[in-house]
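Have a look at the structure below, then the notes.
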Amino acid sequence: MSSIFGAISVETPKYKVIQKAAAYEIREYARQLRAEVTVDLGNNAMMHNLSQPFSMLAGYIFGQNTKRSGQEGAEKVAMTAPVLMSQQPKHEKVAMTAPVLMSEKQQEQQGKNMTMSFILPSKYSRVEELPVPLDKNVKLVEVPEHKMAVVRFSGTFSEPLFTRKEEQLRAAAAADGVKLNPDRSAVVRAAYNPPWTLWFLRTNEVMVPVVG
Numbered sequence: 006m007s008s009i010f011g012a013i014s015v016e017t018p019k020y021k022v023i024q025k026a027a028a029y030e031i032r033e034y035a036r037q038l039r040a041e042v043t044v045d046l047g048n049n050a051m052m053h054n055l056s057q058p059f060s061m062l063a064g065y066i067f068g069q070n071t072k073r074s075g076q077e078g079a080e081k082v083a084m085t086a087p088v089l090m091s092q093q094p095k096h097e098k099v100a101m102t103a104p105v106l107m108s109e110k111q112q113e114q115q116g117k118n119m120t121m122s123f124i125l126p127s128k129y130s131r132v133e134e135l136p137v138p139l140d141k142n143v144k145l146v147e148v149p150e151h152k153m154a155v156v157r158f159s160g161t162f163s164e165p166l167f168t169r170k171e172e173q174l175r176a177a178a179a180a181d182g183v184k185l186n187p188d189r190s191a192v193v194r195a196a197y198n199p200p201w202t203l204w205f206l207r208t209n210e211v212m213v214p215v216v217g
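Numbering (the numbering used here), first residue to last: 6 to 217.
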């Protein structure tokens, strides 16, 4: 994904900057294909167990799949950046919102779910072209074009830092008259670097859908 010094050498999602402010920018993202896994957080914070969904997704792109072409064997899928994460309450039905596609299954238990996503390489144009996951927890989804307010920052991948950056983003957007989706389940956290990258050279983002 990147080196210890933070250089990002893999494909990143295509977008167009349509408004740039001092503290954030508004991006219009192209359509994406994603592989995603949703796990039960219970009452823990989103950062509590990132290794479980990451391992499932990494397994898929590194060969735990079957080719669509009808040929025997697996297909290795190139890694991209960033890794996306979002959080949803378990007790309410959550509609599909861009750019995060989440389960519409009614959840009766208390607690939270976390969805982690890998954006798949742009060489694939349809879900039907992607290799089929062997792990039933890995879902392949298509995300339509979407508009996001984004703040980029460095630092450790910690709950307090990402929460603070989201609050700052919302405050700055409100001051500019930009309306953002108030639903916390629509917020996306993005990490571009692996854990071994020096913390002050990491690239992180918080993304919130723009309304209207």
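Backbone N, C-alpha and C define an ideal beta-carbon position, used for all residues, glycine too.
In this text, all values refer to a predicted model and were calculated from it rather than measured experimentally.
C-alpha distance - Met163 paired with Gln69, whole-angstrom precision
Residue identity check: residue 163 is Ser in the sequence provided, not Met. Roughly 30 Å separates the two Cα atoms.
If you run the structure through DSSP and keep just helix, strand and coil, what is Lys170?
helix
With DSSP run on the structure shown, which of helix, strand or coil describes Ile9?
Residue state, collapsed to three classes: coil.
Reduced DSSP secondary structure (H/G/I, E/B, other) of Gly160:
coil
With which residues is Gly47 paired in a DSSP beta bridge?
Lys117
Looking at C-beta atoms only, is the number of pairs between the region 23-34 and the region 151-158 that lie closer than 8 Å three or more?
The region 23-34 is in contact with the region 151-158.
Per-residue burial, Ile9 [other beta carbons within 10 Å of its own, 16 or more giving buried]:
With fewer than 16 Cβ atoms within 10 Å of its Cβ, Ile9 is classed as exposed.
Neighbourhood of Met119 by C-beta distance below 6 Å, restricted to the same chain and skipping five residues each side
Val44, Leu46, Met51 and Gln92
By the three-class DSSP mapping on this structure, what secondary structure does Leu185 have?
strand
Alpha carbon to alpha carbon, what distance is there between Ser60 and Glu210?
22 Å
Beta strand (DSSP E) containing Tyr197: first to last residue?
Taken as a continuous stretch (DSSP letters only), Tyr197 belongs to no beta strand (DSSP E), as it is neither H nor E.
Tell me, please, which residues DSSP counts as bridged to Ile124.
Arg39
To which residues does DSSP link Arg138 through a beta bridge?
The sequence given here has Pro at residue 138, not Arg. Beta-bridge pairing links Pro138 to Asn70.
Assess, as a yes-or-no matter, whether the region 19-29 is touched by the region 170-186 under the definition of 3 or more beta carbon pairs within less than 8 Å.
yes
Using only CA atoms, which one of Leu203, Gly217 and Pro214 lies nearest to Gly11?
Among Leu203, Gly217 and Pro214, the Cα nearest to that of Gly11 is on Leu203.
Nonlocal neighbours in the same chain, by C-beta distance under 6 Å from Val216, ignoring five residues either side
Lys184 and Asn186
Val215 in three-state terms, based on DSSP:
strand
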